[in-house]
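Numbering (the working numbering), first residue to last: 1 to 135. By construction, the Cβ of each residue, glycine as well, lies at the ideal position given by its N, Cα and C atoms. It should be emphasised that the depicted structure is a prediction, and the values quoted were computed from it without experimental measurement.
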């Protein structure tokens, strides 16, 4: 069966999930909120530090101003956790793109950016996660 990430209605994009596109004429980006993509006015909250225009992450601030990322649990390492509490250097397992012969790291939906990960909408924000049910 299919192992791609569920997008809508229990199926992945490849098997017919319907997703909304930005309502701005000629735009092919996916809707973020209010019927438009970020480029055409979907609201994102800016960092709460005065004068900073970066996007909020955790705690109301951007990464530059202290939004926390988990650090590798290996003693003395300050790298960001990738998987299992450790960074790649200390043994985090990484998945490779499912496209035959591609050595790139998976970004989203089982594929790398080159093979379409950047085309998939951010469904985790909408609480839609899982594996495609198409056999």
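Expected contact under 8 Å - CB spacing of residue 93 and residue 83 to nearest Å: Indeed they touch by this definition, with Cβ atoms about 5 Å apart.
Let me know the secondary structure DSSP gives residue 80 once reduced to three states. Three-state DSSP puts residue 80 in a strand.
Rounding to the nearest angstrom, what Cα-Cα distance links residue 78 and residue 91 in this structure? Approximately 14 Å, taken between the alpha carbons.
Distance check for residue 10 and residue 100, CA to CA, integer angstroms please. In this structure, the CA atom of residue 100 is about 25 Å from the CA atom of residue 10.
In whole angstroms, what separates the C-alpha of residue 7 from that of residue 86? Taking the Cα positions, residue 7 is about 29 Å away from residue 86.
Out of 97, 71, 67, 102, which has the shortest C-alpha to C-alpha gap to residue 89? Distance check between residue 89 and each of 97, 71, 67, 102 places 71 closest, using alpha-carbon atoms only.
Spatial distance of residue 43 from residue 36 (CA atoms): If you take the alpha carbons of residue 43 and residue 36, they lie about 9 Å apart.
Give the straight-line distance between the Cα atoms of residue 54 and residue 46, rounded to the nearest whole angstrom. Straight-line Cα distance between these residues: approximately 6 Å.
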